[in-house]
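There are 2 protein chains.
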Amino acid sequence: MSTAVDRNAPIGVFDSGLGGLTVAHAIMQQLPGESIVYFGDTARVPYGPKSPDTVRRYSHEIAGFLLEQGVKAIVVACNTATAHALPMLEAELPVPVIGVVGPGARAAVKGTRNGHIGVIGTEGTIKSGAYVRAIHAESPNAKVTALACPLFVPLVEEGWTNHDATWVIAEEYLAPLLRDDVDTLVLGCTHYPLLKSIIGEIVGRDVRLIDSAEETAADTRRMLSDNDILGTNEQGDYRFVASDDPAQFLELGQRFFGDALEHVEIRTFG
Amino acid sequence: MSTAVDRNAPIGVFDSGLGGLTVAHAIMQQLPGESIVYFGDTARVPYGPKSPDTVRRYSHEIAGFLLEQGVKAIVVACNTATAHALPMLEAELPVPVIGVVGPGARAAVKGTRNGHIGVIGTEGTIKSGAYVRAIHAESPNAKVTALACPLFVPLVEEGWTNHDATWVIAEEYLAPLLRDDVDTLVLGCTHYPLLKSIIGEIVGRDVRLIDSAEETAADTRRMLSDNDILGTNEQGDYRFVASDDPAQFLELGQRFFGDALEHVEIRTFG
């Protein structure tokens, strides 16, 4: 890092939509002195079913916007964007960048006792193989059962976090985890922590659930510290930016974030 | 219309994704001499939950692309885009344009015996009030029960057109139609015809289901004829264009369209 970097500049955090607010929230809790600019690409959400090239193009545009805002580091708070775009962003950005896959994978490897790890995520995240690679990088002999759960995001966005239909769908999606006897399950999509109680009940209390938000916030501290850019503010400032209607972002965002989310700016692409 | 218009130029048909292929297919069946350029905005799908301004911006960009392809008329084969953007497109385009809301509304008014009409669609379509306005324009005393069914699109895209979860969800969404005793139901989203058997079973055989694809194709013929631009080809040509990965479009598109869909071009925005 050049010495010109302002250690009290904000951290840029982005997601395809609102799910990444769980990561932003964990960073606020663990690093109260850091300022944050959060970007949610609500005009183009979801990323999960879209192609790697398209997700990389969107990630590149958003990272450019965050750099214009003067961020000192970027956290990719979206599993699909991390899976497809993190290597590209690491190569092209002049600031440090981390994603959510590595922290979740490391926590799972630490947490497992029997070496059988489950990962659930969007179609894009699972097809990319990013979690399997990240887990095997830490523990080459770990057995990984990776499952796409495409309806979980729409169910959360509908607010059906404890609905009969959600139970039926979750039981079907998660059945292979029970057969494979996993003892640790990575919630590999930032929406999924909102389904924690259903998922936990179905896979059983013996299975440890890994929510990458907390892990990613811990890694964010490490990244800032390694680069000697930990903030020294008493209290950070927060900005929220979305590509679609701010009103909708506010309404849904408060489900993740509570009243701390008071105002949303808009920034469109294309 | 200027006399310079080529009556054998293609018709432009667009949708947020693949659902509009049902409309393109109906046009192919009813107007085999017409060529079609179909555009599916798969990189930004779905439109249903997005704001009116964003849907208008996307529709404007796509209409511009279709004009560049030399289309003689445009069919908005997406209920959400029709609901938010049709008046704007009618005002700004130099070619005739129709949407799917008017044809479906007219068919419902013709079909109802008791004057109670149901409409189901995305959140954007229902919130816009476009169907209620279109129905009341034809029949001011009609009683309309309009319901958003946000999970139907993801369920169709998951291929769960006859899954237990789809039954649970459909029963909940459609319950108000039974209470209100509708005798005619507009499937106000181009994905919904794929759920026809579940929807039909739940609302009962006495309720007539209106699939706007057929009605829109009939209106397309009328529009072309009124403007004296009906094609005179023996057999039309078909082009399919998507904003995201053509491979995915092909795979899902064949669910709607069968083997007639062999090749997909790509065109991105932004």
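Residue numbers (the numbering used here), protein chains in the order written: chain A, 1 to 270; chain B, 1001 to 1270.
Beta carbons are placed, not taken as given, at the ideal position from N, Cα and C, and that holds for glycine.
Restricting attention to B:1095, B:1075, B:1126, the CA atom closest to the CA of residue 1103 of chain B is found in B:1075.
Apart from the 5 residues on each side of it in sequence, residue 1149 of chain B sits with its Cβ closer than 6 Å to the Cβ of 1120, 1173 in its chain, given in chain order. For the region 1137-1158 of chain B, the set of positions with a beta-carbon nearer than 9 Å to some beta-carbon of chain A reads 1150, 1151, 1153, 1154, 1155, 1157, 1158 in chain order. Per the DSSP secondary-structure output, residue 238 of chain A pairs in a beta bridge with A:36. Residue 55 of chain A sits in a helix when the DSSP states are folded into three classes.
In the three-state reduction of the DSSP assignment, residue 100 of chain A falls in the coil class. For residue 1006 of chain B, no alpha helix (DSSP H) segment is defined, and its DSSP state is neither H nor E. Along the region 1248-1260 of chain B, going in chain order, the ones with a CB nearer than 8 Å to a CB of chain A are 1248. Judged by their CB atoms, residue 1010 of chain B and residue 1037 of chain B are nearer to each other than the 7 Å cut-off. From the listed residues B:1081, B:1183, B:1070, B:1193, the smallest Cα separation to residue 1113 of chain B is found for B:1183. Proximity of residue 164 of chain A to chain B, defined by a Cβ-Cβ separation below 7 Å, is satisfied. When secondary structure is reduced to three states using DSSP, residue 110 of chain A falls in the helix class.
In this structure, the straight-line span from the alpha carbon of residue 147 of chain A to that of residue 1026 of chain B is close to 37 Å. A Cβ-Cβ distance of about 7 Å is found for the pair residue 1263 of chain B and residue 1240 of chain B, placing them in contact under the 8 Å criterion. Below the 7 Å Cβ cutoff, chain B contributes 1165 as neighbours of residue 169 of chain A, in chain order.
At a cut-off of 7 Å between C-beta atoms, residue 1051 of chain B counts as an interface residue with respect to chain A.
By the rule that beta-carbons nearer than 7 Å mark a contact, residue 15 of chain A does not touch chain B. In terms of Cα proximity to residue 1230 of chain B, the closest of B:1014, B:1252, B:1030 is B:1030.
DSSP, reduced to helix, strand and coil, places residue 146 of chain A within a strand of the structure shown. A Cβ-Cβ contact shorter than 7 Å links residue 80 of chain A with residue 124 of chain A. Bridge partners of residue 12 of chain A according to DSSP: A:37, A:74. Rounded to the nearest whole angstrom, the CA to CA distance from residue 1168 of chain B to residue 1136 of chain B is 32 Å. The beta carbon of residue 244 of chain A sits closer than 7 Å to some beta carbon of chain B.
For residue 1063 of chain B, the CB contacts under 7 Å within the same chain, skipping 5 residues up- and downstream, are 1074, 1089, 1093 in chain order. In the structure shown, residue 1171 of chain B adopts helical secondary structure according to DSSP, grouped into three states. Contact annotation for residue 44 of chain A against chain B: 1043, 1044 [CB-CB distance below 8 Å, chain order].
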